[in-house]
Amino acid sequence: MSLVIPPTLVDEEGALTQECENALIALFEKYDKDNDGVLNRQELDAFATDTNGSPFDEDSLEEIHQFFDLDNNGNLTIKGFLQMYNLQTSSEPEETWKDLQKHGYDANLKLVASRSDDNEDKS
Ligand SMILES: [Ca+2]
Numbered sequence: 001m002s003l004v005i006p007p008t009l010v011d012e013e014g015a016l017t018q019e020c021e022n023a024l025i026a027l028f029e030k031y032d033k034d035n036d037g038v039l040n041r042q043e044l045d046a047f048a049t050d051t052n053g054s055p056f057d058e059d060s061l062e063e064i065h066q067f068f069d070l071d072n073n074g075n076l077t078i079k080g081f082l083q084m085y086n087l088q089t090s091s092e093p094e095e096t097w098k099d100l101q102k103h104g105y106d107a108n109l110k111l112v113a114s115r116s117d118d119n120e121d122k123s
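Going by the UniProt record's numbering, the sequence shown opens with residue 1, and the numbers climb by one from there.
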């Protein structure tokens, strides 16, 4: 009998929990291939394709541009990325779980898929 109760992704005030935020930040950094701190169109497309099976359509991109934090060139910042997930998680936490699992996180928000050792947690 090993019933895993997943940690909640948002707190009572509707903000992303630290664990969830950490996982999302790692995800953002994974797709920020050129390490400039924002996701450009190609990086965003790669993320969407790995997550949803296809790049964002024009409507989704427009929503992203309208509602979330961008830099001066229209690229999604980490803040915008977290805003995007905060919104999704507030209404559909199971969608966020699905996304995180797709990227190798287990029900404890630990990365289980193989990845280099840059993620060691000494706590
Ligand atoms: Ca980038």
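Just so you know, even glycine gets a beta-carbon here, dropped at the ideal spot from N, CA and C.
Flag this pair as yes or no: are the beta carbons of residue i and residue j separated by less than 7 Å?
{"i": "Leu39", "j": "Leu76", "result": "yes"}
{"i": "Glu94", "j": "Gln88", "result": "no"}
{"i": "Ser90", "j": "Gly14", "result": "yes"}
{"i": "Asp45", "j": "Pro55", "result": "yes"}
{"i": "Tyr31", "j": "Glu21", "result": "no"}
Pull the bridge partners of residue i from the DSSP assignment, please.
{"i": "Val10", "result": "Leu16"}
{"i": "residue 200", "result": "With the chain covering only 1 through 123, there is no way to say anything about residue 200."}
{"i": "Leu24", "result": "Beta-bridge pairing links Leu24 to no other residue."}
{"i": "Tyr105", "result": "Leu111"}
{"i": "Leu70", "result": "Leu76"}
In the DSSP assignment, the alpha helix (DSSP H) including residue i goes from what residue to what residue?
{"i": "Leu44", "result": "41-52"}
{"i": "Lys98", "result": "93-102"}
{"i": "Leu61", "result": "58-67"}
Taking just the CA atoms, how far does residue j sit from residue i?
{"i": "residue 124", "j": "Phe28", "result": "Residue 124 is absent from the model: the chain starts at 1 and stops at 123."}
{"i": "Tyr105", "j": "Leu111", "result": "4 Å"}
{"i": "Asn86", "j": "Val10", "result": "8 Å"}
{"i": "Thr17", "j": "His103", "result": "18 Å"}
{"i": "Leu61", "j": "Thr8", "result": "28 Å"}
{"i": "Ala23", "j": "Leu100", "result": "8 Å"}
{"i": "Asp57", "j": "Ala48", "result": "10 Å"}
{"i": "Asp34", "j": "Ile25", "result": "15 Å"}
Report buried or exposed for residue i, applying the criterion of at least 16 other Cβ atoms within 10 angstroms of its Cβ.
{"i": "Glu12", "result": "exposed"}
{"i": "His65", "result": "exposed"}
{"i": "Phe67", "result": "exposed"}
State yes or no: is the C-beta of residue i nearer than 6 Å to some heavy atom of ligand 3?
{"i": "Asp106", "result": "Within the structure as shown, ligand 3 is missing, the only ligands being ligand 1."}
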